[in-house]
Structures are given as structure tokens and as C-alpha cells.
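Chains as they are written, first to last, in this note's numbering: chain V, 19 to 168; chain W, 19 to 168; chain R, 19 to 168.
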């Protein structure tokens with residue numbers, strides 16, 4: 019997988035995969051849809067973390083999903099300059115019952131936020147191991163962000 | 019299963035299944051509890067989606083759960099007229115690790131929001147496949163909504 | 019397991035298990051990270067609820083995780099006196115597909131909120147059964163709270 023953190027510009031935000039919008043902005047808060055590691059509209063990687071996919075690959079995928087979430091926010095509010103700070107991130111990891119390294123996977127998403135936003139990228143985070151994710155994605159990232167635009 | 023979207027009035031909101039409240043309203047935002055597809059207090063359908071339950075049935079169940087969530091909001095704020103817009107919806111789908119059609123299931127919930135609220139029903143959505151849900155529910159829907167009452 | 023609800027003072031909030039912060043406070047709302055049942059930095063209990071762990075033990079663990087979440091909020095805002103009210107709580111329960119008693123487990127977390135906060139502890143709650151949680155935790159609790167500090 020390509021490493022998204024080294025790229026100087028955010029990816030184009032992925033199109034929704036169903037009847038929803040990528041981001042809703044209201045009252046100074048941006049709420050993103052759950053984002054998967056899509057590149058140019060296609061999932062970059064699929065499968066269960068720790069089984070079909072290594073932790074290192076899942077960590078990179080989490081960074082990509084988080085970057086997609088930020089890209090959607092940036093498009094909605096007019097750029098990352100209007101992000102005041104990250105509030106909460108949920109990182110869903112598709113895995114088996116015996117998987118325990120969710121935090122290492124989710125750190126890939128945390129690092130993406132820090133990479134793009136610096137101090138504003140600090141976030142309260144939940145990492146959760148789930149049965150499966152849409153289209154077989156290994157990770158899904160949902161982000162809540164304080165913004166200046168509305 | 020009966021199709022909830024064709025009904026002209028919202029269902030009665032389900033009673034909580036434990037020590038919590040159906041909706042908290044604070045600062046112009048309504049937060050709902052996770053809602054399952056209950057009709058008259060009983061789960062309309064149970065089981066794992068894709069195994070015990072078809073995607074079509076699960077999609078209808080998701081619509082019912084979303085309608086229950088909206089009914090709870092309406093009761094808390096004095097009617098759907100006080101809903102300014104939907105912000106975020108999480109749709110949990112109980113399923114096996116090889117299930118991939120979460121978005122199709124969650125679309126049933128999205129359609130319910132659009133049916134009851136029109137443009138105000140557009141929402142940032144996460145669809146997630148989980149191991150199991152309370153009492154064997156196939157889907158659970160959690161909703162965050164901007165409201166005018168407080 | 020020690021019963022956290024009988025203690026007169028909140029536990030010390032657990033240190034983050036990865037690259038995130040325990041709580042973000044913004045605009046009168048505190049968002050916690052997902053908290054597991056840690057005591058003095060170590061998980062008090064591990065495993066899948068209903069398999070490795072009884073519902074009663076999981077319920078106590080959920081109370082402990084919720085107390086950890088409140089402790090983190092208290093540390094961030096200067097004490098529980100600055101909590102206006104609880105808004106939403108998500109209780110993730112690591113379990114098998116045939117588990118159905120999520121609400122009984124989550125009630126342990128709800129009771130902790132009520133114990134520490136009284137009426138302010140009422141909350142909109144989602145209980146969800148997941149494949150696994152970080153480091154093998156049986157439960158994880160995420161809390162959103164209205165606060166007076168900012």
C-alpha cells in the first residue's frame with residue numbers, strides 16, 4: 019500500500035457508498051460519515067486484520083481512511099485551515115475475536131490527523147474490533163471535528 | 019415484515035430496555051439511544067443478517083429502527099417540525115465476518131430519514147458489522163439530530 | 019473484581035493506550051476516548067462476555083470503565099461538579115454472535131453514571147456486541163458529556 023502520510027495534498031474525498039452525505043456541518047461541528055481506505059474510489063485493501071492483513075498494513079489503511087475523512091471535511095468547509103480541532107474519532111477494525119492490537123491499528127489514523135493538523139489533530143479516540151465492514155474494508159474511521167465555517 | 023415507510027404517522031417510541039433514557043436534548047442537539055426494530059414493544063425480527071435474515075428484510079428492519087429513533091426525538095422535542103436537520107447516524111448490523119452488504123442494509127435507515135424529513139433527513143452515516151445486538155436484534159440505529167427545542 | 023460503585027472517590031483516569039488524548043473539551047461538551055476496565059493502569063478483567071466472563075462480572079467491568087471515563091472528564095474540567103449532564107454513552111461488549119444480554123452488561127455503566135452524578139447521569143445509550151476490544155478488554159465505554167468548563 020502507498021503511505022498516505024507522505025503526500026503533500028489530501029486525497030480527493032471518496033464518494034458515498036449509499037444514501038448519505040460525506041459530511042454534515044452544523045453549529046461549528048463537522049460530522050463525517052464512516053470512511054474506508056479508498057483510493058480513487060476503490061478499496062485499497064480488504065479483509066480481516068490479523069488474518070488476511072497484517073497490523074502494519076491495517077495501520078496504513080487506517081491512516082488512509084482518516085485522510086479520506088479529513089479530505090471530506092476540508093471539502094465541506096473550505097480547507098483544513100478552517101478546522102479548529104479534532105474532537106472524537108472512532109476507528110472500527112474488522113477482526114477475529116482473538117485479535118488484541120486494535121490500538122496499534124488505530125494509531126495509524128491518529129498519526130494521519132497529527133500529520134495534517136499538528137496540535138489540532140489531538141483527538142479522543144475509540145478503537146473497536148468488529149465482525150466486518152462495508153465491502154470487506156479492514157478499517158472504518160468516523161470523525162467529529164470543530165470547524166470555523168458553518 | 020410490515021413496511022414502516024408507508025405509514026403516515028410515526029410509531030410510538032419504544033420503551034428503553036435498560037437503565038437509560040431514549041433521548042437527551044441539550045444545546046440544540048438531540049442524542050438518541052441505540053434503537054432496534056421494535057413494534058409495540060417487541061422485536062419485529064431477530065438474527066444475523068445474511069444468515070438468519072435476508073438483506074431485504076434487514077433493510078426494512080433498519081428503516082423501522084430509524085423510524086423508532088425519530089419517534090423518540092419527536093416525542094422529546096414536540097414533533098418532527100422541530101427537527102432542523104439530521105447530523106449523524108450509526109447503523110450497526112449484526113452479521114458474520116464474510117458479510118459485505120452493510121451499506122444496502124443501512125440504506126433502509128437513510129430512506130426512513132428522507133421519508134419523514136425530506137432534505138432535513140440527509141445525514142453523515144457509518145455502517146458497521148457487529149457480532150451481535152441486544153436481545154438478538156439484527157440492526158441498531160443511533161441518531162444525532164439538530165433541533166430547535168431545548 | 020472490586021466493585022467501583024461503592025468507592026467514595028473516582029479512580030485515577032487511565033493513561034491512553036495509544037496516540038490519542040483521554041478527553042477533548044470544546045464548546046461546553048466533553049468527548050471521552052473509549053475506556054476499558056483498567057485499575058492502576060492494568061485491565062482488571064479480559065475475555066469475551068458470556069464465554070470467558072459472566073454477565074455479572076461484565077456488568078461490574080462496565081461500571082469500572084464508565085467510572086474511568088468520568089474520572090477522565092473530571093480531571094479535564096476540574097471535577098464532577100462541572101458536569102452539567104450526560105448526553106450519550108456507547109457501551110461496546112466483546113461477545114459471541116449468540117450473546118443477547120448486552121443491556122444487562124451496559125446497565126453496569128448506566129448505574130455508575132447515576133451513582134456519581136445522580137439525575138445528571140441519565141444518558142442516551144447504545145449497547146453493541148463486538149468481535150473484540152483492545153488488549154482483550156471485555157467492555158469499552160465512550161461518553162459524551164455537557165460541561166460548564168471549556
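Each residue gets a CB set at the ideal place from its N, CA and C atoms; glycine is no exception.
Could you tell me which of 162/V, 160/V and 156/V sits nearest to residue 72/V, measuring between CA atoms?
Closest option to residue 72/V, Cα to Cα, is 156/V.
When DSSP builds the beta bridges, which residues end up paired with residue 66/W?
According to DSSP, residue 66/W bridges with nothing at all.
Is the Cβ-Cβ distance between residue 39/R and residue 91/R less than 8 angstroms?
No. Outside cutoff.
Cβ atoms of residue 41/V and residue 94/V: under 8 angstroms apart, would you say?
Cβ distance < 8 angstroms, so residue 94/V and residue 41/V count as in contact.
In the DSSP assignment, find the alpha helix (DSSP H) that holds residue 161/R and state where it starts and stops.
From DSSP, residue 161/R is part of no alpha helix (DSSP H) but of the beta strand (DSSP E) over 157-165.
Is the segment 121-130 of chain R in contact with the segment 71-86 of chain R, if contact means three or more CB pairs nearer than 8 angstroms?
Output reads yes: the segment 71-86 of chain R touches the segment 121-130 of chain R.
Determine the DSSP secondary structure at residue 38/W, reduced to helix, strand or coil.
DSSP places residue 38/W in coil when its eight states are reduced to three.
Mind checking the segment 46-57 of chain R against chain V and listing, in chain order, the residues whose C-beta falls within less than 7 angstroms of any C-beta there?
Taking 7 angstroms as the Cβ-Cβ cut-off against chain V, the residues of the segment 46-57 of chain R that qualify are 49, 50, 51 and 52.
Which residues bound the beta strand (DSSP E) around residue 144/R?
Where residue 144/R is concerned, the enclosing beta strand (DSSP E) stretches over 142-148.
Per DSSP, residue 108/W forms a beta bridge with which residues?
Partner(s): 144/W and 160/W.
Might you give, ordered along the chain, the residues of its own chain that have their beta carbon closer than 6 angstroms to the beta carbon of residue 142/R, omitting 5 neighbours on each side?
Contacts found: 106.
Kindly list, in the order they appear in chain V, the residues whose Cβ is closer than 8 angstroms to that of residue 118/W.
Residues of chain V passing the Cβ test: 150, 152, 153 and 154.
For residue 56/W, does the count of other Cβ atoms within 10 angstroms reach 16, so buried, or fall short, so exposed?
Answer is buried; the Cβ neighbour count reaches 16.
Applying the criterion that 16 or more other CB atoms from any shown protein chain within 10 Å of the CB defines a buried residue, is residue 50/V buried or exposed?
Buried, because 16 or more other Cβ atoms sit within 10 Å of the Cβ of residue 50/V.
Please classify residue 98/R: does DSSP put it in a helix, a strand, or coil?
Helix, per DSSP.
Go ahead and pull the three-state DSSP assignment for residue 135/R.
Three-state result, residue 135/R: helix.
Considering just the uninterrupted stretch of the beta strand (DSSP E) at residue 30/W, what are its terminal residues?
That residue, residue 30/W, is in no beta strand (DSSP E); it is neither H nor E in DSSP.
Got a sec? Which residues, its chain only, sit under 7 angstroms from residue 147/W by beta carbon, not counting five neighbours each side?
The residues are 111, 113, 117 and 120.
Using DSSP bridges, identify the partner residues of residue 82/V.
DSSP lists no partner for residue 82/V.
Under 7 angstroms between beta-carbons, which chain W residues line up against residue 158/V? List them in chain order, please.
Here the neighbours are 144 and 146.
Which residues, in chain order, does the segment 129-140 of chain R contribute to contact with chain W at a C-beta distance below 8 angstroms?
Taking 8 angstroms as the Cβ-Cβ cut-off against chain W, the residues of the segment 129-140 of chain R that qualify are 129, 132 and 140.
Quick check on DSSP: helix, strand or coil for residue 92/W?
Looking at residue 92/W - three-state DSSP - the assignment turns out to be helix.
Contact criterion: CB-CB distance below 8 angstroms. Does residue 34/V meet it with respect to chain R?
No, because no Cβ of chain R sits closer than 8 angstroms to the Cβ of residue 34/V.
Should residue 132/V go down as buried or exposed, given a rule of 16 or more other Cβ atoms within 10 Å for buried?
Per the 10 Å Cβ criterion, buried.
When you compare each of 44/R, 47/R, 46/R and 31/R to residue 54/R by their alpha carbons, which one comes out closest?
Among 44/R, 47/R, 46/R and 31/R, the Cα nearest to that of residue 54/R is on 31/R.
Is residue 122/W helix, strand or coil when you go by DSSP?
Residue state, collapsed to three classes: helix.
At least one CB of chain R closer than 8 angstroms to the CB of residue 89/V: is that the case?
Answer no: the Cβ-Cβ gap between residue 89/V and chain R never drops below 8 angstroms.
Can you check whether the C-beta of residue 31/W is within less than 8 angstroms of a C-beta belonging to chain R?
So, not an interface residue.
Rounded to whole angstroms, what's the CA-CA distance from residue 140/V to residue 104/R? Just pull it up for me.
Using only the alpha carbons, I get a separation of about 23 angstroms.
Within 10 angstroms of the Cβ of residue 60/W, are there 16 or more other Cβ atoms? Answer buried if so, exposed if not.
With fewer than 16 Cβ atoms within 10 Å of its Cβ, residue 60/W is classed as exposed.
Report all residues from its chain with a CB closer than 8 angstroms to the CB of residue 34/V; omit the five preceding and five following residues, and keep chain order.
Correct list, in chain order: 40 and 51.
Could you give the residue range of the beta strand (DSSP E) that holds residue 48/R?
Per DSSP, residue 48/R belongs to the beta strand (DSSP E) from 47-50.
Residues of chain W with a CB under 9 angstroms from the CB of residue 106/R: which are they?
Correct list: 42, 49, 50, 51, 160 and 162.
Compute the Euclidean distance between the alpha carbons of residue 138/W and residue 62/V, then round it to the nearest angstrom.
Each residue's Cα considered, the two are about 33 angstroms apart.
With a CB to CB cut of under 7 angstroms and the five nearest residues on each side skipped, what residues in its chain are close to residue 27/V?
So no residue of the chain qualifies.
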